[in-house]
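In what follows, a single structure is set out as structure tokens and then discussed.
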Amino acid sequence: MAPRIADPTRRTTLSGLAAVAAVSSASLPLAGPPARGADPLVLNDASRLNPTRVARHTRLDGPADKTVAALRRLLAEAAAEGRPVVMGGARHSMGAQSLCAGASAVTDAGFRLEPDPAGSRFLVSAGARWRAVVPALDRVGLSVPVMQSNSDFSVGGTLSVNGHGWAVPFGAFAASLRRFRLVLADGTLVSCSRDENAELFRAAIGGYGLLGIVVDVELDAMPNAALRPSLRVMRADELGPALAGAVRDASLRMAYGRLSVMPGDLLGEALLVTFAETTGPVTPLGSGDGTLFGLASRILLRAQSGSDLGKAARWWAETALAPRLAPATVTRNRLLAQPVTSLGSPAAGHTDILHEYFLPPGRLAEFLTCCREALPASGQDLLNVTLRYVAADPVSLLAFAPEPRVAAVMLFDQARTDTAEASMRRLTERLVDGALALGGSFYLPYRLHARRDQVRRAYPGLDAFLALKRRHDPAGRFRNALLDAYLA
Ligand SMILES: Cc1cc2nc3c(=O)[nH]c(=O)nc-3n(C[C@H](O)[C@H](O)[C@H](O)COP(=O)(O)OP(=O)(O)OC[C@H]3O[C@@H](n4cnc5c(N)ncnc54)[C@H](O)[C@@H]3O)c2cc1C
Numbered sequence: 067m068a069p070r071i072a073d074p075t076r077r078t079t080l081s082g083l084a085a086v087a088a089v090s091s092a093s094l095p096l097a098g099p100p101a102r103g104a105d106p107l108v109l110n111d112a113s114r115l116n117p118t119r120v121a122r123h124t125r126l127d128g129p130a131d132k133t134v135a136a137l138r139r140l141l142a143e144a145a146a147e148g149r150p151v152v153m154g155g156a157r158h159s160m161g162a163q164s165l166c167a168g169a170s171a172v173t174d175a176g177f178r179l180e181p182d183p184a185g186s187r188f189l190v191s192a193g194a195r196w197r198a199v200v201p202a203l204d205r206v207g208l209s210v211p212v213m214q215s216n217s218d219f220s221v222g223g224t225l226s227v228n229g230h231g232w233a234v235p236f237g238a239f240a241a242s243l244r245r246f247r248l249v250l251a252d253g254t255l256v257s258c259s260r261d262e263n264a265e266l267f268r269a270a271i272g273g274y275g276l277l278g279i280v281v282d283v284e285l286d287a288m289p290n291a292a293l294r295p296s297l298r299v300m301r302a303d304e305l306g307p308a309l310a311g312a313v314r315d316a317s318l319r320m321a322y323g324r325l326s327v328m329p330g331d332l333l334g335e336a337l338l339v340t341f342a343e344t345t346g347p348v349t350p351l352g353s354g355d356g357t358l359f360g361l362a363s364r365i366l367l368r369a370q371s372g373s374d375l376g377k378a379a380r381w382w383a384e385t386a387l388a389p390r391l392a393p394a395t396v397t398r399n400r401l402l403a404q405p406v407t408s409l410g411s412p413a414a415g416h417t418d419i420l421h422e423y424f425l426p427p428g429r430l431a432e433f434l435t436c437c438r439e440a441l442p443a444s445g446q447d448l449l450n451v452t453l454r455y456v457a458a459d460p461v462s463l464l465a466f467a468p469e470p471r472v473a474a475v476m477l478f479d480q481a482r483t484d485t486a487e488a489s490m491r492r493l494t495e496r497l498v499d500g501a502l503a504l505g506g507s508f509y510l511p512y513r514l515h516a517r518r519d520q521v522r523r524a525y526p527g528l529d530a531f532l533a534l535k536r537r538h539d540p541a542g543r544f545r546n547a548l549l550d551a552y553l554a
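Sequential numbering from 67 applies to the sequence shown in this note's numbering.
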């Protein structure tokens, strides 16, 4: 591996159609220092609905050997005190998956990055955020194959939810993962890959930190490239097969679909936006960023809250205006470097809530019918639906896409009230039933509103996962709200 690259401080902003591709959320400095006067032991996550008092909060950002030593100390202390341990990265999950009352909480924020000289892989610390990784790789002409649509998340958090984005022809994060090192509950450091500790490798990917703490990760790298956007408008019912068909084009590097959320045409019209590799200039990040485009995109997204007119205006901007304003080419890294904050925050008393469902491409249209029936009665304010192609994941034990899937990501503006919370729970249960009946599944880093039986049906590997947890963590040291809700 080559010498380490320092954490870059350059900021990137939205550019061209990239602005249209991102989704938004609360813009709190979630894992940063607490606000003045706030209890530093009360942590929260991106939902802002989970204030949780922990017994200790340790922030790690040192070199690998110090991180491992600190984790061993912390685990020994927690064992002596009989406390659970809970790990966090950026704490952008929404159901307290990174929280546990009375626990010893750890936030990893360490940045270490070593690309190999051949440019085919890189080693990165689990605490690194993609917003630092992407620019650092950009400087050496490389790019991340699989990450989320925003860059605020940690590498360890991404591995532990098995994240995915809109890069094609990839599926979940597992696909780009070669190896990682895990500190187990008894302090043992193990290296996990497809050949070494393969059982732990398969289970810790998407294992929500319940088997051990990821210290660092070796990932595939790929060349950065100039991409040419194109856009097609169609009926939503055609989008599943169209997206699955489009990704067969070998020149395609990124693709997403988008659905109208206008009440008069709810999930009716659709956009398919694709980015094919082209011979244009591969400009470095930081040059010619589309700040104005980003600002307009944020205003349009937020103008939709509680407003039919706002929803119509955004759809017009996406289908009619954005294609005219989009640059001829954009780099892959520019598309990946989108911060969550650039799309703004919900109004006071509200929060952004995400749902995500994975459907066989040919069944998406039936799922959309289910959504059209369920959404209006729920009273929830749907701001955005993005669709992505997710290739089959044969690696992870808790795979959400064991076969190729189209993912429907929904962004809601939700009031922070008990009534809204109860209606969101009912809506989630109904949409999960809809997805399961069509052979699909749903994503676990969001609100824990699905029923236990629904989780069991969507994740048939759960029993094997729990058996492994009992073997490697017999005292149940690693604990979070996901475990308590579904697995305890
Ligand atoms: C606005 C927004 C957009 C999103 N877009 C996408 C998207 O495009 N695609 C997608 O797949 N997901 C998306 N997500 C979900 C996101 O990928 C997850 O919430 C992910 O967990 C975020 O990473 P994090 O660093 O915030 O993890 P955290 O929320 O901090 O942690 C997530 C889980 O990982 C565990 N964990 C964290 N670090 C470690 C570690 N080092 N070792 C062991 N366990 C660890 C935690 O205990 C927890 O269970 C989005 C979320 C938001 C809020």
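Virtual Cβ for every residue (Gly too), placed ideally from N, Cα, C.
In terms of side-chain proximity, the C-beta atom of Q163 is found nearer than 8 Å to a non-hydrogen atom of ligand 1.
With a cutoff of 8 Å, V461 does not count as near ligand 1, since its C-beta is closer than that to no heavy atom of the ligand. When only Cα atoms are considered, P442 and P470 end up about 29 Å apart. One Cα belongs to A481, the other to D447, and the distance between them is close to 9 Å. Annotation for R368: G410 place their beta carbon closer than 7 Å to its own, counting only its chain and skipping 5 residues before and after. Taking 9 Å as the cut-off, the beta carbon of E487 is found no closer than this to the beta carbon of L203. Residue environment for R454: buried (at least 16 other C-beta atoms within 10 angstroms of its C-beta).
Taking C-alpha positions only, T452 is separated from M476 by approximately 7 Å. When Cβ pairs closer than 8 Å are counted between the two stretches, the segment 168 to 184 is seen to touch the segment 122 to 129, the count reaching three or more. Linking V313 to P307 through their CA atoms gives a straight-line distance of about 10 Å.
Within its own chain, the residues whose Cβ lies closer than 7 Å to the Cβ of V234, once the five positions on either side in sequence are excluded, are V313, L318, R319, M320, A321 and Y455, listed in chain order. In this structure the segment 182 to 196 touches the segment 219 to 230; the number of beta carbon pairs closer than 8 Å is three or more. The beta carbons of P426 and L504 sit about 7 Å from each other, so the pair counts as a contact at 8 Å. Here the segment 536 to 549 makes contact with the segment 156 to 171; the two share three or more CB pairs at distances below 8 Å. In this structure, H158 has its CB closer than 8 Å to one or more heavy atoms of ligand 1. Rounded to the nearest angstrom, the Cβ distance from S217 to L402 is 6 Å, consistent with a contact under 8 Å. Of all C-beta pairs linking the segment 242 to 261 to the segment 432 to 440, fewer than three are shorter than 8 Å, placing the two stretches out of contact.
Taking one beta carbon from each stretch, the segment 203 to 215 and the segment 293 to 307 have fewer than 3 pairs nearer than 8 Å; the two do not touch. Straight-line measurement puts the Cα of P106 at about 45 Å from the Cα of L309.
DSSP, reduced to helix, strand and coil, places D418 within a strand of the structure shown. Nearest C-alpha to T395 among R518, A291, V134 and A524: A291.
Taken through DSSP and simplified to helix, strand or coil, V212 comes out as coil. When Cβ pairs closer than 8 Å are counted between the two stretches, the segment 492 to 509 is seen to touch the segment 523 to 532, the count reaching three or more. Per DSSP, R149 has no beta-bridge partner at all. Y552 is positioned such that its CB atom lies no closer than 9 Å to that of A501. Residues of the same chain with a CB within less than 6 Å of the CB of N110, apart from the 5 flanking positions on each side, are N116 and P117 in chain order.
Residue pairing by DSSP places R119 opposite V108 in a beta bridge. Around D374, the same chain offers M328, P329 and G330 as residues with beta carbons nearer than 8 Å, after the five sequence neighbours per side are excluded. Using a cutoff of 8 Å, the CB of A192 counts as near ligand 1, since one of the ligand's heavy atoms is closer than that. Cβ neighbours of A431 within its own chain (closer than 6 Å, five residues either side excluded): D303. Taken from the Cβ of A112, at least one heavy atom of ligand 1 lies inside 8 Å. In this structure, the C-beta of T224 approaches ligand 1 to less than 8 Å from one of its heavy atoms.
Under a 10 Å Cβ-count criterion, G155 is classified as buried, with 16 or more other Cβ atoms of the shown protein chains found around its own Cβ.
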